[in-house]
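What follows is a short report on a single structure.
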Amino acid sequence: MAPYSPDLWLPLVLLFLSLLFLLKKILELKEQKEPPGPPKLPIIGNLHQLGALIHQSLWQLSKKHGPVMLLHLGFVPTLVVSSAEAAKKVLKDHDISCCSRPPLIGIGRLSYNYLDISFAPYGPYWREIRKICVLQIFSTKRVQSFQVIREAEVALLIDSLAQSTSSASPVDLTDKIMSLTANMICRIAFGRSFEGSEFGKGRFQEVVHEATAMMSSFFAADFFPYVGRIVDRLTGIHERLEKSFHELDCFYQQVIEEHLNPGRTKEEHEDIVDVLLNIEKEQDEFGTFKLTKDHVKAILMDLFLAGVDTGAITVVWAMTELARKPGVMKKVQDEVRSHIQERGKVRESDVEQLHYLKMVVKETLRLHPPIPLLLPKETMSTIEISGYQIYPKTQVYVNVWAIGRDPNLWNNPEEFFPERFIDNSVDFSGQHFEFLPFGAGRRVCPAMNMAITMVELTLANLLYHFNWKLPHGTKEEDINMEEAPGLSVHKKIALSLVPIKYP
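With mature numbering (1 follows the signal peptide of the UniProt record, and there is no 0) applied, the sequence shown covers -28 to -1, 1 to 475.
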């Protein structure tokens, strides 16, 4: 028999080596574990397991499947992290890989030329707009320049509540605080209120509320590409969203035109539209990026959709928790009144000395973060979290509501106990991953300082000027603590309390 020729055995060797390489790859893929998660149904995945309060549904699921959990919401793979350790991986260690946004209905499918910065995907547009926000709009100096406006609006609120004390009747504190934040932001952003105009302040609040509600509504297109868009048009929800955003777009256009009028009467300080229009004129300062009026609208959209609700939510939840704990309320009132004495009102400069008040605000944010799931992120590359492989185009939620109630991090986590922050360096700046009401990393809330300043000033004045009583026949344990569904978590039942003028 003739010996084997190289032409015969060389292909066999190559085939054998190829099979070994393929086997190695298969074994490596088996070793790459996906995170655990609940069983899914065909097409809808795990959508049927989510209740109206999604953050609470995910919290319950995480108790069974772990703090790093994979679900499929329709056709969208979704990672949910519910521990400080996993949140650190997402928001710090893998921040650059997890800082984009999924193509949400609120931005990607609307007929406008600009994107709300909070929902814009990571890229040059987002980086340049955020730079303007951080350096020009929400800088410490700029936030301080609006002090007069905040103090004036809080004084108007106190005067309005004082008029209610003669009847000793309950007031809808939720409505009062929501109006306060809307009024503040109108004056800070536009330089004046809009009562009496064609687009009055009350109407503006309605449109903002509708747009916020729409952003947190269920859109089939978010979970079922292509066919979902058809469904959204058939149900009318897409048209409703378009109408809401069209009204806001018209409003912003009106505001810009008014600011371009050389005969306009200005307030003492520049408002945010003034600042942005000035930047538009000084393009060279910001390199190759050219700010346009559409970009101005994008920043205004972000300011109102993210800012009107969240500050008010925190004040309302703080007053709710204090109403349930009269001893805590008295303690913080004693601190405020002892410091202010007979001066008649609390100024922003006083707040830095009110240490227990700051603990009350921290404890409120721990139990009631305004955005309980933060805003969803999207992975841009493969990453590893807790030994699990997470692939690109995975939607990521950080459940800060669950982290704030984690018994491994907080003693008696369901109890409202501000004293837990005594001699405790944990804060909300994004450096402590057990406490993330404003997020962390590249997507941390740029308006954090302005929001906290407003909350602390409002709360301090409410507690200084009034003693607060429950409506007749109501006990502390009767106060409803249910949450309303939505992107931001309001108190489901409005807070009604009786203000008693002090002294």
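For each residue, glycine too, the CB sits at the ideal point set by N, CA and C.
request  = Please check the pair V48 and F195, which I expect to be a contact at CB under 8 Å, by giving their CB distance rounded to whole angstroms.
outcome  = 6 Å
Practice prompt. Could you say which of Q135, L128, R114, A278 lies nearest to D243 if we only look at CA atoms?
Written response: R114
query = Looking only at C-alpha atoms, which of N371, L431, I121 sits nearest to V288?
reply = L431
Quiz prompt | M41 versus Y97: straight-line alpha-carbon distance, rounded | solution = 31 Å
**Asked** With 16 other CB atoms within 10 Å as the buried threshold, where does P390 fall?
**Response** buried
#### Entry: Collapsed DSSP secondary structure at residue 491 in the structure displayed
The structure shown does not extend to residue 491, since the chain is modelled only from -28 to 475, so the question has no answer here.
task = May I ask you to report which of helix, strand or coil DSSP gives W98?
result = helix
Excluding the 5 residues flanking T336 on each side, which residues of the same chain have their C-beta closer than 7 Å to its C-beta? T286, W289, A290, E293
Requested in this report: Between the Cα of M426 and those of L347, Y369, T153, F176, spot the shortest distance and give me the residue it belongs to.
Outcome: T153
Tell me whether the beta-carbon of residue 501 lies closer than 8 Å to the beta-carbon of I109. Here the chain comprises residues numbered -28 to 475, so residue 501 is not present and cannot be evaluated.
- When DSSP labels each residue in this structure, what does S72 get in the three-state scheme? Strand.
Item to complete: Out of S111, D322, D450, H267, state which residue places its alpha-carbon closest to the alpha-carbon of M422.
Response: S111
* Asked: Secondary structure at P471, three-state DSSP: helix, strand or coil?
  -> strand
query = Thinking just about the alpha-carbon of each residue, which of F91, I312, D147 is nearest to the one in A278?
reply = F91
Below 8 Å on the Cβ atoms is my contact criterion, and I expect E350 with P74 to pass it. Report the Cβ-Cβ distance as a whole number of Å. By a beta-carbon distance limit of 8 Å, E350 contacts P74. Their separation comes to about 4 Å.
Note to self: Rounded to whole angstroms, what is the Cα-Cα separation between P457 and Q313?
What the structure shows: 41 Å
| query | Of all the options V368, E455, G200, L133, which has the alpha carbon lying nearest to the alpha carbon of A59? | reply | For A59, the nearest C-alpha among the options comes from V368.
Cβ shell of L129 (< 7 Å), same chain only, five flanking positions each side left out
So the list reads K148, L152, once near-sequence residues are dropped.
Put M453 into one of helix, strand or coil per three-state DSSP.
coil
| task | Please state whether DSSP places S460 in a helix, a strand or coil. | result | Residue state, collapsed to three classes: coil.
My assumption, with CB atoms under 8 Å, is that L459 sits in contact with T184. Please give the rounded CB distance.
With 8 Å as the limit, L459 and T184 qualify as a contact, their Cβ atoms being about 7 Å apart.
Local Cβ density within 10 Å of Q177, reported as buried at 16 or more and exposed below that: buried
For V179, which residues of its own chain have a beta-carbon under 8 Å away from its beta-carbon, when the five flanking residues on both sides are left out?
S216, E219, L220, F223
| said: Between K365 and T137, how many whole angstroms is the CB-CB distance? I'm expecting something under 8 Å. | reply: In fact, because the Cβ distance is near 57 Å, the residues do not count as touching under 8 Å.
Exercise for review: Return the CA-CA distance between T50 and K12, expressed in angstroms with no decimal places.
Suggested key: 12 Å
Check: N233: buried (16+ other C-beta within 10 angstroms of its C-beta) or exposed?
Finding: Classification for N233: exposed.
Going by beta-carbon coordinates alone, are residue 500 and V52 separated by less than 8 Å?
As shown, the chain starts at -28 and ends at 475. That puts residue 500 outside it, with no answer to give.
Would I89 pass as a contact of A270 if the rule is Cβ separation under 8 Å? yes
- If V398 and E386 are in contact, beta carbons under 8 Å, what's the gap, nearest whole angstrom? 18 Å between Cβ atoms; not a contact.
Counting C-beta neighbours from all protein chains within 10 Å, is the total for R236 16 or more, i.e. buried, or is it exposed? exposed
Which residues in the same chain have their Cβ closer than 6 Å to the Cβ of V461, if we skip the five residues on either side of it in sequence? Apart from the 5 residues on each side of it in sequence, V461 sits with its Cβ closer than 6 Å to the Cβ of P344, E455 in its chain, given in chain order.
According to DSSP, simplified to helix, strand and coil, what is M150?
It is helical.
| said: Run through the DSSP bridge pairs and tell me what N439 is partnered with. | reply: I472
Checklist line | Residue of L435, S353, A127 minimising C-alpha distance to V333 | finding: L435
Worksheet entry | Whether L429 touches V126 by CB criterion (8 Å) | yes
* Asked: Which whole-angstrom value is the C-beta distance of V416 and W440, which I expect to be below 8 Å?
  -> In fact, because the Cβ distance is near 33 Å, the residues do not count as touching under 8 Å.
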